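Q:
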Amino acid sequence: MKIIVFSLLLLLSPLSAAEPALAIIANQDSDYSNLTRRQVVDIFMGKLTVMNTGTFPQPLDYQGNPEIRERFYHLLTGKSLAQVNAYWARMSFTGQLNPTRLLNDQKVMLRAVGKNQAALGYVDQAEANATVKTLLIVE
Amino acid sequence: MRQMLVVVLLFPFVLLSHPASAEQQIGDFRFAGSGFMTLGVGQMLSGTRGAVLDKNCPCLVTDYAQNGIYDGSGGLQFAPDSKLGLQGTAYFPDPRFSLTAQAVARGSQNGRINLEWLYASYQISDASKLQIGRKRLPIFYYSDSQDIGFALPWTHLPPQVYGWEAVNYNGISFQYQTQWRDWDINAQLLAGREQVKDSGYWQVYNGQASRTDVQWERIVGGSVTLNRAWFETRGSYLQSDTQRNNLNGVFNSATQTLQPSADAFLHNRVTQQKIYSVSFAADLTDWLVRSEHLLIDRPGASFKDYANRLGVTRRFSGWELTGDVAEYHAQAVIAQGGDPQGQESHINQSLTTRYFLSPQSDVKAQIEHQRDRGGVNWQPKYGNATLLTLAYDRIF
Numbered sequence: 001m002k003i004i005v006f007s008l009l010l011l012l013s014p015l016s017a018a019e020p021a022l023a024i025i026a027n028q029d030s031d032y033s034n035l036t037r038r039q040v041v042d043i044f045m046g047k048l049t050v051m052n053t054g055t056f057p058q059p060l061d062y063q064g065n066p067e068i069r070e071r072f073y074h075l076l077t078g079k080s081l082a083q084v085n086a087y088w089a090r091m092s093f094t095g096q097l098n099p100t101r102l103l104n105d106q107k108v109m110l111r112a113v114g115k116n117q118a119a120l121g122y123v124d125q126a127e128a129n130a131t132v133k134t135l136l137i138v139e
Numbered sequence: 140m141r142q143m144l145v146v147v148l149l150f151p152f153v154l155l156s157h158p159a160s161a162e163q164q165i166g167d168f169r170f171a172g173s174g175f176m177t178l179g180v181g182q183m184l185s186g187t188r189g190a191v192l193d194k195n196c197p198c199l200v201t202d203y204a205q206n207g208i209y210d211g212s213g214g215l216q217f218a219p220d221s222k223l224g225l226q227g228t229a230y231f232p233d234p235r236f237s238l239t240a241q242a243v244a245r246g247s248q249n250g251r252i253n254l255e256w257l258y259a260s261y262q263i264s265d266a267s268k269l270q271i272g273r274k275r276l277p278i279f280y281y282s283d284s285q286d287i288g289f290a291l292p293w294t295h296l297p298p299q300v301y302g303w304e305a306v307n308y309n310g311i312s313f314q315y316q317t318q319w320r321d322w323d324i325n326a327q328l329l330a331g332r333e334q335v336k337d338s339g340y341w342q343v344y345n346g347q348a349s350r351t352d353v354q355w356e357r358i359v360g361g362s363v364t365l366n367r368a369w370f371e372t373r374g375s376y377l378q379s380d381t382q383r384n385n386l387n388g389v390f391n392s393a394t395q396t397l398q399p400s401a402d403a404f405l406h407n408r409v410t411q412q413k414i415y416s417v418s419f420a421a422d423l424t425d426w427l428v429r430s431e432h433l434l435i436d437r438p439g440a441s442f443k444d445y446a447n448r449l450g451v452t453r454r455f456s457g458w459e460l461t462g463d464v465a466e467y468h469a470q471a472v473i474a475q476g477g478d479p480q481g482q483e484s485h486i487n488q489s490l491t492t493r494y495f496l497s498p499q500s501d502v503k504a505q506i507e508h509q510r511d512r513g514g515v516n517w518q519p520k521y522g523n524a525t526l527l528t529l530a531y532d533r534i535f
């Protein structure tokens, strides 16, 4: 009986392992300076479309349902990828926002951000290199 | 039966499709395709039994504009909530231009394919956009996304609030996004007109065999959404001239035939309407509370429409639970000859569970009870109904 109760408690208890940190990245020559979490959320949810500097941010995201995408939205919004997709379904099927450009993986992300001064992306903190500028660490 | 066949035929195609929008580059043009679907099924559990117009009740109208009605015919009913939508967007070499089309096939319309959206978009700046063509009227909070089950917490919209004769318009709209201090502001202005052939809304009130065309002219309006952290509020105003033309009479329950209607408002009388709506939302990550409030005023008419709803959603890991209360009532305008006992009124309470199967799909189960509070002189009186609905939603 004790084993069953213990097993159930294990199943019901939330996973406490910390999620690996993510780096919010931009082009080295861009005029983005440090971003707040709120600004990053607003940019990736299509609510912040022009920066104080006059730059129109172009958020880049990942194709499909990779773990990094799930982690990104969970860390920043507390919502699951399905809930974020439900929000985007409302926006993109109704002409309110154009869908974010989707890329295949982190290498493609680093290359795309490295070529575009308005682009904003995210990669694992360990993947961020000198070809891009790290604006914020999300953990 | 035909509508069920359409849904069944299209269902495997949707399941096999890639769970992300497809893109194709042809020269300097980029084409993006995506879609959404809902396979809905309902079973009437109980309610007021009897014939209402040409329906065998208990009955619950889930979509007034599209004539979506669950009735007492028994068995599982697939038609009222099932739909499939496909959207294509062409992006031009000049990134400011795009062209979008969206077609939707609904079970409630016997699988007939309707072009719901067809508009050209011009991005004036990243903050402002001009769109010309066919779009959705932004009367209510979920108006734009009313067909996209995956964007909704219910198996269908609360019909008390989301029930009017036209949902689209042909015209022009201007959208503007900005920030002021901590507020995100999204504003929209629009102008246009709309013509509805064989209105589903009027089939609900005048019988399934009746034919009524609706015309809205000189539509002018707009909406403003303010968002700050967890709080959001939205207000909209719309006005137009309205005109209906009943082509073959209305259903007479006593004679079981279509009889000419004496109602001048069904015979091309032009009236004006003013639609006011406001909504409030608190999104606290695990909790979402949203209310909506509607008033339709028709100067010179014998009644005004009021609708309200309040919903609470609790988000859990991978699933959601939503409780919702929505009510509609018409209020007689005595000075215009309105009969206080001849007004429509009903309230709907629903409980919905939603489980996300994947980031692009979900299943929902919803039980709802609708209570008819219409006056003794109100007709058609659809009565009370308790309905169980299940839905599978997917975007692709």
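These protein sequence lines are chains A and B, in that order.
Just so we're aligned: 30 in our numbering is position 30 of the first sequence, and the numbers increase by one with no gaps anywhere.
Each position in the second sequence, counted from 1, maps to that position plus 139 in our numbering.
Idealized CB from N, CA, C, for every residue including glycine.
Computed from a predicted structure; not experimentally measured.
Please classify GLN182 (chain B) as buried or exposed, where buried requires at least 16 neighbouring CB atoms within 10 angstroms.
A: Exposed is the call here.
Q: Which chain B residues sit within Cβ distance under 7 angstroms of LEU81 (chain A)?
A: Neighbours of LEU81 (chain A) on chain B, chain order: PRO498.
Q: At the level of alpha carbons, what is the spacing between GLU356 (chain B) and ALA330 (chain B)?
A: Between GLU356 (chain B) and ALA330 (chain B), the C-alpha separation is close to 10 angstroms.
Q: Please classify ALA393 (chain B): does DSSP put it in a helix, a strand, or coil?
A: Three-state result, ALA393 (chain B): coil.
Q: When DSSP labels each residue in this structure, what does GLU483 (chain B) get in the three-state scheme?
A: Three-state result, GLU483 (chain B): coil.
Q: Name, going along the chain, the residues of the stretch 24-46 of chain A whose beta-carbon falls closer than 9 angstroms to a beta-carbon of chain B.
A: The stretch 24-46 of chain A vs chain B, Cβ under 9 angstroms: ARG38, ASP42 and GLY46.
Q: In this structure, how does DSSP classify TRP256 (chain B) when only helix, strand and coil are distinguished?
A: Looking at TRP256 (chain B) - three-state DSSP - the assignment turns out to be strand.
Q: Using CA atoms only, rank isn't needed, just tell me which of B:GLY522, B:HIS295 and B:PRO232 is closest to LYS222 (chain B).
A: Answer by Cα proximity: B:HIS295.
Q: Using DSSP bridges, identify the partner residues of GLU127 (chain A).
A: Its beta-bridge partners do not exist; DSSP assigns none.
Q: For a contact meaning CB atoms closer than 9 angstroms, what does TRP256 (chain B) contact in chain A?
A: Those are PHE93, THR94 and GLY95, listed as they occur along chain A.
Q: Measuring CB atoms only, is the stretch 422-435 of chain B touching the stretch 394-410 of chain B, in the sense that at least three cross pairs come out at less than 8 angstroms?
A: Contact fails: fewer than three Cβ-Cβ distances are below 8 angstroms.
Q: Quick check: the stretch 361-369 of chain B against the stretch 283-299 of chain B, are there 3 or more CB pairs under 8 angstroms?
A: Because the criterion of three Cβ pairs below 8 angstroms is not met, the stretch 361-369 of chain B and the stretch 283-299 of chain B do not touch.
Q: Please name the residue or residues paired with SER30 (chain A) in a DSSP beta bridge.
A: Paired residue(s): none; SER30 (chain A) is not in a bridge.
Q: Of all the options B:ASN387, B:SER392 and B:PRO438, which has the alpha carbon lying nearest to the alpha carbon of GLN412 (chain B)?
A: Among B:ASN387, B:SER392 and B:PRO438, the Cα nearest to that of GLN412 (chain B) belongs to B:PRO438.
Q: Given a cut-off of 8 angstroms, decide if TRP517 (chain B) and TYR494 (chain B) are closer than it, judged by their beta-carbon atoms.
A: Not closer than 8 angstroms, so no.
Q: Cβ closer than 8 angstroms: which chain B residues qualify as neighbours of ALA89 (chain A)?
A: Result: PHE175, SER284, ILE287, PHE289, ALA290 and ILE534.
Q: Under three-state DSSP, which class holds SER156 (chain B)?
A: Low local confidence applies: a pLDDT of 46 at SER156 (chain B) is under 50, so the model's placement there is unreliable, and no value is given.
Q: Residues in the same chain with beta-carbon distance under 7 angstroms from ASP167 (chain B), minus the five sequence neighbours each way, listed in chain order, please.
A: Excluding residues within five positions, the ones whose Cβ falls inside 7 angstroms are PRO232.
Q: Flag GLY121 (chain A) as yes if its beta-carbon sits less than 8 angstroms from any beta-carbon of chain B, otherwise no.
A: Not one chain B Cβ lies under 8 angstroms of GLY121 (chain A).
Q: Which chain A residues are close to ALA266 (chain B), counting only those with a beta carbon under 7 angstroms from its beta carbon?
A: Under the 7 angstroms cutoff, chain A gives THR49 and VAL50.
Q: Once DSSP output is grouped into helix, strand and coil, what is the label at SER264 (chain B)?
A: It is coil, neither helix nor strand.
Q: Can you tell me where the beta strand (DSSP E) holding GLY114 (chain A) begins and where it ends?
A: Taken as a continuous stretch (DSSP letters only), GLY114 (chain A) belongs to no beta strand (DSSP E), being part of the alpha helix (DSSP H) at 106-115.
Q: DSSP on ALA171 (chain B), reduced to helix/strand/coil?
A: Residue state, collapsed to three classes: strand.
Q: For GLN83 (chain A), report the span of its alpha helix (DSSP H) as first-last.
A: GLN83 (chain A) -> alpha helix (DSSP H) spans 81-92.
Q: Report yes if the CB atom of LEU328 (chain B) is closer than 8 angstroms to the CB atom of PHE313 (chain B), and no otherwise.
A: Yes, the pair counts as a contact, with Cβ atoms nearer than the cut-off.
Q: List, in order along the chain, the chain B residues whose C-beta lies closer than 9 angstroms to that of PHE56 (chain A)?
A: Correct list: SER264, ASP265 and ALA266.
Q: What does DSSP give as the partner residue(s) for ASP380 (chain B) in the beta ladder?
A: ASP380 (chain B) is bridged to B:GLU356 and B:GLN411.
Q: My output table needs one value for VAL145 (chain B): the three-state DSSP class, helix, strand or coil.
A: Because VAL145 (chain B) sits at a pLDDT of 42, beneath the cut-off of 50, its placement in the model cannot be relied upon, and the point is left open.
Q: Cα-Cα, which of B:LEU490, B:TYR467, B:HIS485 and B:PHE442 is closest to ALA474 (chain B)?
A: Ranking B:LEU490, B:TYR467, B:HIS485 and B:PHE442 by Cα distance to ALA474 (chain B) puts B:PHE442 first.
Q: Using three-state DSSP, classify ARG448 (chain B) as helix, strand or coil.
A: DSSP places ARG448 (chain B) in strand when its eight states are reduced to three.
Q: Which complete beta strand (DSSP E) runs does the stretch 417-447 of chain B hold, if anything under 3 residues is left out?
A: Entirely contained in the stretch 417-447 of chain B, the beta strand (DSSP E) runs reaching 3 residues are, in chain order, 426-436.
Q: Sort A:MET91, A:THR100, A:LEU48 and A:ASP29 by Cα distance to GLY64 (chain A) and report the nearest one.
A: Of the candidates A:MET91, A:THR100, A:LEU48 and A:ASP29, the one whose C-alpha sits nearest the C-alpha of GLY64 (chain A) is A:THR100.
Q: What does GLN216 (chain B) pair with, by DSSP beta-bridge criteria?
A: B:GLY181.
Q: Using C-beta distances below 6 angstroms, list every residue in its chain close to ALA504 (chain B), excluding the 5 sequence neighbours before and after it, in chain order.
A: Taken in chain order, the residues that qualify are THR492 and LEU529.
Q: Are the CB atoms of ALA89 (chain A) and PHE289 (chain B) nearer to each other than 8 angstroms?
A: Yes, these two residues count as a Cβ contact at 8 angstroms.
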